[in-house]
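Per our numbering, residue 12 is the first one in the sequence shown, and the count goes up by one each step.
The structure appears right after this line, and notes come after that.
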Amino acid sequence: MRHSVILQALWLVGCLGAKDNALFSKTDASTSGGGSSNLGGSSAAESGTGSVNPAAGVGGSVSAEGGEPTMTDAGGSSSASGTAPGGASGAAAGGASAVGGQPPMPSISSCDMLEGALVDEQNHHCYRLEPEEMSFAAARDACIARGGHLVTITDEAENDFVLQVHGDAHWLGASDGRDDRTPGVGTYSWLSAEPWSYEHWEGGQPNAHAIDCPNESGGAHCYEHCAYQNGDGNWLDRACWNSIPVVCEWDLGPDAEGSGQGGAP
């Protein structure tokens, strides 16, 4: 009888052990190795898993607890990458590096590597409309994850060209660095650290207009501190936690121009 019980126990271990080990391996494989780069553009704020701090001097990021947006202070470090001399992101400047346990960011050497990208023949930069609407912080991080940066505009010709890439509202890579709860307009600057040598604000903009904070009551106000370009080519400010289309830019230069239309990745 005792031998029969032992044999039954061994039989159960043999049947169940393989399934348990397979399930553990699958779970372990999905959570180890540093994870994968988030190319979908969703920030931690949008997924409700943590907070995303903007680059130094950039305000208007949001954090989340349980998926609800709340405001964070300005002046943090970018969760994705810093900037290289000349304003380009580290990846776009030619070096790929692993950040925060993530795989190395892509090193883009030609606009032909960017499916659907357009090339400005004047400055030889690549531009691409990203299909997903995102908050300002998520848009910034998504462009960096692709090896570029959120679009910047330095003259009238580039302003017109970016409007050809997307003829409706989309984020610009600029903020006045103020927190969503802070009233008044600050000094706008480019996230890429390029000089602020040109601007195309619509009349009366930026105005840091007061709007209701998301998912809050009692008359609490937030303010607009992030820049976008509208369908007329003019610039306006907008609440940074709004989700609108995104245009990314890659500063590659004439030697890496490629064709006028980006190819397959």
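In this text, a Cβ means the ideal position worked out from N, Cα and C, and glycines have one as well.
This one's a predicted model, so the numbers in the text were calculated from it and none came from an experiment.
As DSSP reads the structure, Gln240 sits in a beta bridge with His181 and Trp246.
Spatial neighbours of Ala219 in its own chain (CB-CB distance under 7 Å, excluding positions within 5 residues in sequence) are listed in chain order as Pro194, Gly195, Val196, Tyr234, Glu235, His236 and Asp248.
With a threshold of 16 other beta carbon atoms within 10 Å, Asp123 meets it and is buried. In chain order, Asn245, Trp246 and Leu247 place their CB closer than 8 Å to the CB of Trp212, counting only its own chain and leaving out the 5 sequence neighbours on each side.
Taking His136 as the centre and dropping the five residues before and after it, the same chain places the C-beta of Glu260 and Asp262 closer than 6 Å to its C-beta, in chain order. In the structure shown, Asp223 adopts extended strand secondary structure according to DSSP, grouped into three states.
Taking C-alpha positions only, Ser203 is separated from Ile164 by approximately 11 Å.
Between Val176 and Leu129, the CB-CB gap stays under 8 Å. Here Ala150 is buried. Its C-beta has 16 or more other C-beta atoms within 10 Å.
By the neighbour-count criterion, in which a residue is buried when 16 or more other Cβ atoms sit within 10 angstroms of its Cβ, Trp207 is exposed.
Take the alpha-carbon of Tyr138 and the one of Ile255: they are about 17 Å apart.
When the five nearest sequence neighbours on each side are left out, the beta carbons in the same chain lying within less than 8 Å of the beta carbon of Thr198 are those of Asp187 and Gly188, in order along the chain.
Uninterrupted alpha helix (DSSP H) stretches at least 4 residues long and entirely within the region 148–200 occur at 167–176, given in chain order. Here Glu132 is exposed: its Cβ has fewer than 16 other Cβ atoms, across all protein chains shown, within 10 Å.
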